[in-house]
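One structure is given here, and the rest of the page talks about it.
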Amino acid sequence: MVQFKRVCVFCGSNLGYRKIFSDAALDLGQELVKRKMDLVYGGGSVGLMGLVSQTVYDGGCNVFGVIPTALVPVEISGHAVGDVMVVSDMHERKAEMARRADAFIALPGGYGTMEELLEMITWSQLGIHNKPVGLLNVDGYYDCLLGIFDKGVDEGFIKHPARNIVISARTARELIEKMEYSTSSEYTPLHGQVASSNTRNTEDPGTANL
Numbered sequence: 083m084v085q086f087k088r089v090c091v092f093c094g095s096n097l098g099y100r101k102i103f104s105d106a107a108l109d110l111g112q113e114l115v116k117r118k119m120d121l122v123y124g125g126g127s128v129g130l131m132g133l134v135s136q137t138v139y140d141g142g143c144n145v146f147g148v149i150p151t152a153l154v155p156v157e158i159s160g161h162a163v164g165d166v167m168v169v170s171d172m173h174e175r176k177a178e179m180a181r182r183a184d185a186f187i188a189l190p191g192g193y194g195t196m197e198e199l200l201e202m203i204t205w206s207q208l209g210i211h212n213k214p215v216g217l218l219n220v221d222g223y224y225d226c227l228l229g230i231f232d233k234g235v236d237e238g239f240i241k242h243p244a245r246n247i248v249i250s251a252r253t254a255r256e257l258i259e260k261m262e263y264s265t266s267s268e269y270t271p272l273h274g275q276v277a278s279s280n281t282r283n284t285e286d287p288g289t290a291n292l
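Residue numbers (the working numbering): 83 to 292.
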């Protein structure tokens with residue numbers, strides 16, 4: 083069993099149309115607080131992102147956000163939650179979030195959330211990191227995406243062992259427990275390490291508070 087200190091959460095800057103998504107974001111934040119896990123997130127104070135970050139912050143855990151300059155006026159309403167680092171672009175944002183986290187969880191979200199999730203899956207497949215990647219499949223939101231992964235295996239585009247990279251569950255508690263009991267032995271990269279693993283470095287380069 084592995085216990086995480088910092089969890090990176092990818093999620094929407096919108097709330098979605100149904101209350102079940104907001105409830106799931108609050109539940110995830112409360113679960114992180116209960117387990118004394120710090121949060122790494124996209125730096126925004128709106129949507130599901132704002133709910134998760136505020137819940138973790140109010141619960142007394144550390145909250146660290148990373149946001150590109152261009153998104154500051156879009157995703158931050160009022161004051162930022164926790165410490166927030168402003169970076170130049172989306173690539174730097176993802177690299178910084180990945181570097182600081184011990185594990186990744188995706189809540190429901192749009193293209194940006196899915197792109198961040200898929201990049202972490204790809205990095206795991208290539209051996210850039212060996213951190214658990216979790217999908218919080220709220221009310222079946224990601225059923226179609228998980229189905230695409232299965233289709234990729236069936237059609238020979240995704241190796242059977244690589245399908246195990248993605249850990250999914252319907253509740254925050256179940257997901258975190260499954261991630262804690264997952265081991266890197268469940269998937270071994272086939273390519274060896276093809277890129278720098280600087281994402282594992284946790285040295286703090288400093289933050290800019292907003």
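Virtual Cβ for every residue (Gly too), placed ideally from N, Cα, C.
Remark: C-beta atoms of Val148 and Gly164 do not approach each other more closely than 8 Å. Annotation for Arg252: Asn219 place their beta carbon closer than 6 Å to its own, counting only its chain and skipping 5 residues before and after. Taking a C-beta distance under 8 Å as the contact criterion, Arg88 and Arg182 qualify as a contact pair. Asn96 and Gly111 have their C-alpha atoms spaced approximately 16 Å apart. DSSP places Asp120 in the strand class (E or B) of the three-state scheme. Taking C-beta separations shorter than 6 Å and ignoring five residues to either side along the sequence, the partners of Ala106 in its chain run Val220, following chain order. In terms of Cα proximity to Gly132, the closest of Leu108, Glu259 and Leu227 is Leu108.
Going by DSSP, Phe231 is part of the alpha helix (DSSP H) stretching over Asp225 to Asp236.
When secondary structure is reduced to three states using DSSP, Val220 falls in the helix class. When the alpha-carbon of Asp120 is set against those of Ile247, Val145, Lys101 and Gly129, the nearest one is in Val145.
Judged by DSSP secondary structure, Ser250 falls within the beta strand (DSSP E) whose first and last residues are Val248 to Ala251. Secondary-structure assignment with DSSP links Arg182 through no beta bridge to anything. Take the alpha-carbon of Ser206 and the one of Leu153: they are about 27 Å apart.
The DSSP-derived three-state label of Phe86 is coil.
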